[in-house]
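Chains as they are written, first to last, in full-length UniProt numbering: chain A, 1 to 306; chain B, 1 to 252. Worksheet: one structure, shown below.
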């Protein structure tokens, strides 16, 4: 295990941000920490990358104790935070060379490494322009490139694609997959279920500082059952009446009720009959395999009800 | 130790690049002292009697005002760094904390050396006639550099505690104000008693008197040692405070 955490706790004042988190990450895998805003994802990453001190817990990263050997941990990891940690007034190349020198590659070594990374992240044409003129996607790519200067064993990525357009997101995903092929371990946080689904070997769902669930994407999906039937209603009143009758998860904004199903026509018939006897009729019906969204809603709603 | 040196060199290079590209600050750090000097020499100068050509009296004061202004902008650049993600990246790397501040401070000293040279050149054009020997020049420049170094560390410390670039600018305001309450522009014996007591015992007056004495031959007396003691003391205290404040700010 390249990352081992047990009993991690952190509170700011009387607010518990992390309330007893345990996790393990296998070397060379992609681990995704999934959760809504305020779940404690960023705090977890900051603690693991030695920026924030935990209140309690045993933490090891790359074989080093985070509390006792922070300098050794820093030598083995890199962090790409939520806000691009790049100097807007320096060029892309200057940013990379600076990190190379601080990673002790020497002046010449830092230049060579900068050239390699500019090539790999498709930034050669923009290399000598100030970062202030870059697009959001280019900035993020540079940020990621700066994290890879010293070939770290564990790369922490805090919401690496938040705020990117679909093309920018695809480039970052590709870079992450490339990285894992070279044996690097990726620890990422995300609010996007699709991102975790596509990239991660293991997913942990964090909700208000506690582990709500963990496993592979398939394991998590199987927790909500085989298929889902989505029933759309014309009014909020009908949606509420249907939810009282059938249970499931109601999305008030879209006026959609999602209920588990075995995928058979007979079950769908039964559901519609049931609704008719309650005096409501859905305007549209669709059925699909469960997505991580369903898992996420299920897990975090359970928490909210408790 | 060699790591600390090469890391510092890399960070100094960064800060100098950032300062060079921050054209507004760069221009202001030269233009403001030039304006002040013109103002004092040609506008107020005729009415101020210091017993010598006023330009010879005021130039050392202008130099101190100039480096005070230049050093104060270090607070802004440190605060700017703290507000952005770069500090987090540096902290998650095996780089010693003081290296980040060293970059800003050394760049500040270099920037001030350049703007001071420009201001001195302009002063000579306005009629400033220093009578210093090479040794006196070296002593004056050395003292000014030491003073700038101390002020830059003080400013770096203020930048590390400031919650924003704006508050860093406000915190460093007194650095710009102190020269007015010293012997920079008028001899202290012309001031009311209470103000005079303050201005004679604040650190800027002995530094100015020493630089003035070295450059224009007015008596230095004990001011030289007092100026040196103030500067070294301020440097030690500011360096320690800045490093501690930076650590405390970046630990949570």
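Even glycine gets a Cβ: it sits at the ideal position worked out from N, Cα and C.
Straight across, the Cα-Cα distance linking residue 99 of chain B with residue 26 of chain A is about 34 Å.
Annotation: the stretch 142 to 230 of chain A contains the following complete segments of the alpha helix (DSSP H) (minimum length 4 residues), in chain order: 166 to 181, 193 to 199, 217 to 222. When 7 Å is used as the limit between beta carbons, residue 85 of chain B is near these residues of chain A: 81, 83, 84, 85, in chain order. Of all C-beta pairs linking the stretch 70 to 86 of chain B to the stretch 146 to 158 of chain B, three or more are shorter than 8 Å, placing the two stretches in contact. Excluding its 5 nearest sequence neighbours in each direction, residue 201 of chain A has C-beta neighbours in its own chain below 6 Å: 29, 30, listed in chain order. Residue range 15 to 25 is occupied by the beta strand (DSSP E) that includes residue 15 of chain A, with no alpha helix (DSSP H) assigned at that position. At least one C-beta of chain B is nearer than 9 Å to the C-beta of residue 102 of chain A. Residue 50 of chain A reaches chain B at 91, 92, counting residues in chain order whose Cβ is nearer than 8 Å. A residue is called buried when at least 16 other Cβ atoms come within 10 angstroms of its Cβ; residue 127 of chain B does not meet this threshold and is exposed.
In this structure, the straight-line span from the alpha carbon of residue 253 of chain A to that of residue 283 of chain A is close to 15 Å.
Using a 10 angstroms sphere on the CB of residue 104 of chain B, the tally of other CB atoms reaches 16 or more, which defines it as buried. Only residues of its own chain outside the window of five on either side were considered, and among them 230 have a CB closer than 6 Å to the CB of residue 286 of chain A, listed in chain order.
By the criterion of at least three beta-carbon pairs nearer than 8 Å, the stretch 187 to 196 of chain A is in contact with the stretch 160 to 169 of chain A. In this structure, residue 203 of chain A keeps its C-beta atom at 9 Å or more from the C-beta atom of residue 153 of chain A. Only 93, 94, 95 from the stretch 93 to 109 of chain B bring a Cβ to less than 8 Å from some Cβ of chain A.
Of the residues B:129, B:88, B:77, B:89, the one whose Cα lies closest to the Cα of residue 106 of chain B is B:77. The beta carbon of residue 32 of chain A lies closer than 8 Å to those of 188, 189, 190, 195, 196, 199, 200, 202, 203, 204 in the same chain, with the five residues before and after it left out. Taking 9 Å as the threshold, the shortest C-beta distance from residue 164 of chain B to chain A does not fall below it.
Interface with chain A (9 Å Cβ-Cβ cutoff): residue 18 of chain B is included.
One finds 94 in chain B with Cβ atoms closer than 7 Å to the Cβ of residue 75 of chain A, taken in chain order. Among the residues facing chain B, residue 146 of chain A is included, as its CB has a counterpart in that chain under 9 Å away. Secondary structure at residue 254 of chain A: coil, using DSSP grouped into helix, strand and coil.
Taking C-beta atoms under 8 Å as the contact rule, residue 142 of chain A and residue 131 of chain A qualify, at a distance of about 6 Å. When A:102, A:61, A:10 are compared, the shortest CA-CA separation from residue 6 of chain B is found for A:102.
In the three-state reduction of the DSSP assignment, residue 2 of chain A falls in the coil class.
Among the CB atoms of chain B, one or more fall inside 9 Å of the CB of residue 94 of chain A. The beta carbon of residue 109 of chain B lies closer than 7 Å to those of 145, 148, 149, 152 in the same chain, with the five residues before and after it left out. Look at residue 112 of chain B: its C-beta is not under 9 Å from any C-beta on chain A.
At least one C-beta of chain A is nearer than 9 Å to the C-beta of residue 6 of chain B. Less than 9 Å divides the Cβ of residue 210 of chain A from the Cβ of residue 19 of chain A.
For the set A:21, A:126, A:17, the Cα lying nearest the Cα of residue 3 of chain A is the one of A:21. Collapsing the DSSP output to three states places residue 53 of chain B in coil.
The beta carbon of residue 11 of chain B lies closer than 7 Å to those of 99, 100, 102, 103 in the same chain, with the five residues before and after it left out. The beta-bridge partner set that DSSP reports for residue 284 of chain A consists of A:232. Using a CB distance cut-off of 9 Å, residue 3 of chain B counts as an interface residue toward chain A.
Between the stretch 56 to 65 of chain B and the stretch 31 to 44 of chain B, the count of Cβ pairs shorter than 8 Å is three or higher; the stretches touch.
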